[in-house]
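Chemist: I have a structure here, written as structure tokens, and I will follow up with some questions on it.
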Amino acid sequence: MPTALGRTATSVAALTAAFGLFTTATGNADAFVPLPDGTETGPGLTITRTAESALVSPSMAANGAGRVTWVSGTVTADVTHTPVVTEPGPYSTPENMPGTNNSSTHGVSQLNTGYIVGCQVSIGDRAFSLGASASVSTTQIGVSGSAGIQIGPGEVRFVQIGIKDIPAPGTYTLGYRDYEMEIQGCGGYAQARSYTVVEIIGDHYSKTTLYGAPFSIG
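With mature numbering (1 follows the signal peptide of the UniProt record, and there is no 0) applied, the sequence shown covers -29 to -1, 1 to 189.
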């Protein structure tokens, strides 16, 4: 199977149309989508995404409003500056901290990765990088293993695949293979794109986000 690749958000909008044409499944055939590598730098860290791919299929429900994608990839955070933490504090979830873009700060720096899924919504715009749009209903869900996503026109879902604490400087990696996302309720086109967020706590708080290339889910 071809090597799959990830991509940073920088200049990714120019590739959206090409990927949309390439990745659309025809009939009942599966469509394998290789995605380009990506890198994003922030204060004291570098995020990379490699070996990213998606396999898109019609939903077994065969209702015309469903489709399934299996996603794979590896994300790595090379962190040179972060406070050393021996006992992380209590979780403060995104619901309690608007604007954290599906990440979670709980007294320790953290690596967080997943996918943004939209129904009849363009998620390829840099303007969407803050994680929400005034004209789009945005809902965050946390999942593990696989995700069943109910989504309607104009809606967006965040699907969290994994998190890893960063208690000290070092290299931290999250890998996933054939993570299943089943989308139901979207009668029009659907798109998805990966995200990876690294939050660094301390006196000089920072949040760095790496986005992957948007791809069609049919």
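Note that CB positions come from ideal geometry on N, CA and C, so glycine has one too.
Check whether the Cβ atoms of Ser43 and Arg148 lie closer than 7 Å to each other.
Modeler: The residue labelled residue 43 in the question sits at position 72 within the sequence shown. The residue labelled residue 148 in the question sits at position 177 within the sequence shown. Yes, Cβ-Cβ distance for Ser43 and Arg148 is below 7 Å.
Chemist: Between Ile188 and Ile154, which are expected to be in contact by the criterion C-beta below 8 Å, what is the C-beta distance as a whole number of angstroms?
Modeler: If you number the sequence shown from 1, residue 188 lands on position 217. If you number the sequence shown from 1, residue 154 lands on position 183. Correct: roughly 6 Å between the Cβ atoms.
Chemist: Please name the residue or residues paired with Tyr150 in a DSSP beta bridge.
Modeler: Residue 150 sits at position 179 when you count from the first residue of the sequence shown. Bridge partners of Tyr150: Val42.
Chemist: Could you tell me the alpha carbon to alpha carbon distance between Val130 and Gly13, rounded to whole angstroms?
Modeler: Looking up residue 130 in the sequence shown gives position 159. Looking up residue 13 in the sequence shown gives position 42. For Val130 and Gly13, the distance between alpha carbons rounds to 23 Å.
Chemist: Between Gly173, Asp174, Glu170 and Gly123, which has its C-alpha nearest Tyr160's C-alpha?
Modeler: One-based indexing of the sequence shown puts residue 160 at position 189. Closest by alpha carbon: Gly123.
Chemist: In whole angstroms, what is the alpha-carbon distance linking Val50 and Ile134?
Modeler: Residue 50 sits at position 79 when you count from the first residue of the sequence shown. Residue 134 sits at position 163 when you count from the first residue of the sequence shown. Roughly 15 Å separates the two Cα atoms.
Chemist: Since Ser165 and Arg20 should fall inside the 8 Å C-beta cutoff, what is the C-beta to C-beta distance between them, to a whole number of angstroms?
Modeler: The count along the sequence shown starts at 1 and reaches residue 165 at position 194. The count along the sequence shown starts at 1 and reaches residue 20 at position 49. Yes, Ser165 and Arg20 are in contact; Cβ-Cβ is about 7 Å, under 8 Å.
Chemist: Name the residue from Gly85, Cys90 and Thr53 whose alpha carbon lies nearest to the alpha carbon of Asp174.
Modeler: Along the sequence shown, read from residue 1 onward, the residue named residue 174 stands at position 203. For the residues Gly85, Cys90 and Thr53, the minimum Cα distance to Asp174 belongs to Thr53.
Chemist: Quick one, which of Leu16, Pro185, Ile120 and Leu26 has its alpha-carbon nearest Val4's?
Modeler: Stepping through the sequence shown from its first residue, residue 4 is reached at position 33. Val4 has its Cα closest to that of Leu26, out of Leu16, Pro185, Ile120 and Leu26.
Chemist: Who does Asp136 pair with in a DSSP beta bridge?
Modeler: Working through the sequence shown from its first residue, we reach residue 136 at position 165. According to DSSP, which records beta bridges pairwise, Asp136 is partnered with Gln81.
Chemist: For Asp136, which of Glu58, Pro185 and Cys157 has the nearest alpha-carbon?
Modeler: Position 165 of the sequence shown, counting from 1, holds the residue named residue 136. The shortest Cα separation from Asp136 among Glu58, Pro185 and Cys157 belongs to Glu58.
Chemist: Please go through the same chain and pick out, in chain order, the residues whose beta-carbon is closer than 7 Å to the beta-carbon of Val55, but skip the five residues on each side of it.
Modeler: Counting from one through the sequence shown, the residue named residue 55 turns up at place 84. Cβ neighbours of Val55 beyond the five flanking positions: Pro138 and Ala139.
Chemist: Cβ of Thr45 within 7 Å of Cβ of Ala22?
Modeler: On the sequence shown, residue 45 is found 74 positions in, with the first residue counted as 1. On the sequence shown, residue 22 is found 51 positions in, with the first residue counted as 1. A contact, by the Cβ cut-off of 7 Å.
Chemist: When the Cα atoms are used, what is the spatial distance from Gly152 to Val92?
Modeler: By 1-based counting over the sequence shown, the position of residue 152 is 181. By 1-based counting over the sequence shown, the position of residue 92 is 121. One detail in the question is off: residue 152 reads as Met in this sequence, not Gly. So the alpha carbons of these two residues sit roughly 18 Å apart.
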